[in-house]
Amino acid sequence: MTAISSSTAATLAADQQAARVDLAAAFRWFARLNMHESVANHLSVAVSADGATFLINPRGRHFSRLCASDLLLLDANDPTTPEREDAPDPTAWHLHARLHARLPHARCVMHLHPKYATALACLEDPTLYPIDMNTMRFFGRVALDDQFSGMALSDSEGDRTADLMSEGKSVLLMANHGVLVIGLNVAAAFDELYYFERAAETLLTCYATGKALRIVPEAAAALTERQWRDYGQLAIDHLNNIKAILDAEEPTYRR
Ligand SMILES: [Zn+2]
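For the sequence shown, the working numbering assigns the number 53 to the initial residue and increments by one for each residue that follows.
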């Protein structure tokens with residue numbers, strides 16, 4: 053091995069370890085927020101340039117117990133993966149492998165069934181109306197999959213999801229099911245999912261009052277969405293603070 057290739061290998065290994073730690077922190081925090089469900093739901097992050105090699109949670113493990121070294125390293129293009137002894141949950145495989153194989157910009161993919169986003173996905177009109185800054189953050193960013201047809205036990209749901217995540221979409225609201233977000237890294241996807249759940253909570257709290265919504269004009273919503281994009285550092289600061297809290301209170305996530 054040449055000096056350059058060994059330095060490249062060291063960089064790739066360090067990048068993968070950093071991705072493992074970031075994703076482990078996201079699992080632990082979603083558990084604290086009660087946004088996970090039992091031992092289901094899945095988060096993944098790509099670690100190769102083409103996006104096809106990715107880390108994902110192992111099957112049947114509670115988010116609150118996951119450590120960096122527990123995450124599976126998978127190849128999205130390896131059809132034998134479901135036959136491995138440590139194969140991931142089949143619905144996780146069919147969804148995340150197709151997204152990582154087809155959408156290299158979807159570096160991080162997070163899928164949960166959190167209370168408010170899932171309730172929104174179960175409404176006949178699941179539009180996230182722009183009524184506060186959090187809902188406006190998602191103006192034009194949300195795609196809707198209205199074709200629920202049972203659990204995803206084939207590649208068709210992953211392919212359908214990839215088709216729906218066109219340019220500019222970061223959230224897929226999955227009707228009668230839950231929500232999925234994509235991001236350029238763990239911090240971006242984590243922050244997006246956190247804020248989407250907060251936005252859905254606000255909208256559903258407004259619906260619960262029975263009063264009419266005060267929806268802002270499209271221009272104001274579009275401007276606010278653009279302004280959120282200029283706050284990219286917020287997502288990095290958010291995850292860094294989560295890791296600092298975990299380092300003090302449950303540092304095993306880094307193992
Ligand atoms: Zn699901």
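Using N, Cα and C, we set each Cβ at its ideal position, and we do this for glycine too. These figures come from a predicted structure and were not determined experimentally.
- Comparing alpha carbon positions, the residue from L180, R80, C258, L232 closest to E301 is R80.
- The stretch 105-124 makes contact with the stretch 59-76, as at least three CB pairs between them are under 8 Å.
- Set against 7 Å, the gap from the CB of H163 to the closest heavy atom of ligand 1 is smaller.
- The continuous beta strand (DSSP E) containing V233 extends over residues 230-235.
- Proximity of the beta carbon of G220 to ligand 1 is not indicated: no heavy atom of the ligand is located closer than 7 Å.
- No heavy atom of ligand 1 is found nearer than 7 Å to the CB of H146.
- Note that the C-beta distance between L107 and V91 is not below 8 Å.
- Setting aside the 5 residues that flank it on each side, E253 is surrounded in the same chain by Y168, each with a C-beta closer than 6 Å to its C-beta; the list follows chain order.
- Rounded to the nearest whole angstrom, the CA to CA distance from F82 to A61 is 32 Å.
- T187 carries a helical assignment under DSSP once its states are collapsed to helix, strand and coil.
- When the Cα atoms are used, I234 and P269 turn out to be separated by approximately 27 Å.
- Checking the 7 Å criterion, the Cβ of H152 is out of range of every heavy atom belonging to ligand 1.
- Inter-residue distance for A104 and T179 is about 32 Å (C-alpha atoms, whole angstroms).
- Note on the stretch 143-216: whole alpha helix (DSSP H) runs with a minimum of 4 residues are 167-173, 185-189, 208-216, in chain order.
- Under the three-state reduction of DSSP output, I267 falls in the coil class, being neither helix nor strand.
- Collapsing the DSSP output to three states places A274 in a helix.
- Within 10 angstroms of the beta-carbon of D141 lie 16 or more other beta-carbons, which makes it buried.
- When distances are taken from the beta-carbon of G192 to the heavy atoms of ligand 1, even the shortest one reaches 7 Å or more.
- Annotated three-state conformation of A98 is strand, per DSSP.
- Ranked by Cα distance from L225, the first of L255, C174, G202 is C174.
- Checking the DSSP bridge columns, you'll see I108 partnered with S96, L124.
- Under the DSSP assignment, V223 falls in the beta strand (DSSP E) whose first and last residues are 223-226.
- Between ligand 1 and the CB of G230, the shortest heavy atom gap is smaller than 7 Å.
- Annotated three-state conformation of G284 is helix, per DSSP.
- Here DSSP, grouped into helix, strand and coil, assigns H88 to coil.
- Excluding sequence positions up to five before and after P166, its CB lies within less than 6 Å of the CB of M87, E249, all in the same chain and listed in chain order.
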